[in-house]
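For reference, the structure discussed in these notes is given below.
Residue numbers (my numbering): 117 to 308.
See below:
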């Protein structure tokens, strides 16, 4: 939902953070809804940092991880206070998945294609860029790297699900969500 919104109206996407934040704090107040408020708070950190990056800095992939990690000190502070375990572990899980994906783009030489795609205004112009990126990724190194990283993400995503604690489930779910989002891009890319 955020991807097309932030591309078309980045300021609105970032402004929506206030609504997510208000809703999360409202849900945190109720005993029956506090866990949902906690999760929504972590989602809000992801929404805000993603909105800032994809709205104004998407042309430079090397800024992706630092911008998305901007609220790590807030998440760590909450965790040190013993608050917001579900949401902050969700945020950290999302960030871990982002780091793995960005590492793949760097290791396989896909960063130049990212820069090119983020400057395209006409959808037709994206097709040859996607095709070149897929050709770069469709090498033994690209395929092998993707397989190794998928195994790492899967293992790290599934391992916390053995716990009975919801904050570990939130972390694992966010990591596994990375595989889902990356797979959607992989499926969409050949369709151009």
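Backbone N, C-alpha and C define an ideal beta-carbon position, used for all residues, glycine too.
Could you check the C-alpha separation between residue i and residue j for me, to the nearest Å?
{"i": "residue 231", "j": "residue 173", "result": "10 Å"}
{"i": "residue 299", "j": "residue 125", "result": "25 Å"}
{"i": "residue 141", "j": "residue 128", "result": "20 Å"}
{"i": "residue 159", "j": "residue 257", "result": "33 Å"}
{"i": "residue 175", "j": "residue 212", "result": "21 Å"}
{"i": "residue 294", "j": "residue 279", "result": "20 Å"}
{"i": "residue 191", "j": "residue 157", "result": "10 Å"}
{"i": "residue 283", "j": "residue 155", "result": "9 Å"}
{"i": "residue 198", "j": "residue 246", "result": "45 Å"}
{"i": "residue 205", "j": "residue 123", "result": "27 Å"}
{"i": "residue 254", "j": "residue 178", "result": "22 Å"}
{"i": "residue 242", "j": "residue 236", "result": "6 Å"}
{"i": "residue 281", "j": "residue 221", "result": "33 Å"}
{"i": "residue 147", "j": "residue 153", "result": "10 Å"}
{"i": "residue 296", "j": "residue 266", "result": "11 Å"}
{"i": "residue 229", "j": "residue 248", "result": "8 Å"}
What three-state label does DSSP hand residue i in the structure shown?
{"i": "residue 125", "result": "coil"}
{"i": "residue 184", "result": "helix"}
{"i": "residue 279", "result": "coil"}
{"i": "residue 197", "result": "coil"}
{"i": "residue 308", "result": "Reliability of the predicted coordinates at residue 308 is poor, the pLDDT of 49 falling under 50, and the value obtained from them is presented with this limitation in mind. In this structure, residue 308 counts as coil in the three-state DSSP scheme."}
{"i": "residue 175", "result": "coil"}
{"i": "residue 226", "result": "coil"}
Excluding sequence positions up to five away, which residues of its chain have a Cβ less than 7 Å from the Cβ of residue i?
{"i": "residue 168", "result": "130 and 183"}
{"i": "residue 134", "result": "none"}
{"i": "residue 225", "result": "252"}
{"i": "residue 165", "result": "183, 184, 186 and 187"}
{"i": "residue 195", "result": "201 and 204"}
{"i": "residue 215", "result": "181"}
{"i": "residue 268", "result": "216"}
{"i": "residue 291", "result": "209, 212, 213, 269, 272 and 273"}
{"i": "residue 261", "result": "220, 223 and 224"}
Specify, as a first and last residue, the run of the alpha helix (DSSP H) that residue i falls within.
{"i": "residue 148", "result": "Counting along the chain, residue 148 falls outside any alpha helix (DSSP H), and DSSP gives it neither H nor E."}
{"i": "residue 261", "result": "256 to 274"}
{"i": "residue 235", "result": "Segment: none, residue 235 is in no alpha helix (DSSP H) and carries neither H nor E."}
{"i": "residue 170", "result": "That residue, residue 170, is in no alpha helix (DSSP H); it is neither H nor E in DSSP."}
{"i": "residue 201", "result": "201 to 223"}
Looking only at its own chain, which residues have a Cβ that is under 8 Å from the Cβ of residue i, when we skip the five neighbours before and after it?
{"i": "residue 119", "result": "170"}
{"i": "residue 151", "result": "202 and 282"}
Which residues in the same chain as residue i place their Cβ atom closer than 6 Å to its Cβ, once the five residues preceding and following it in sequence are excluded?
{"i": "residue 288", "result": "273, 276 and 277"}
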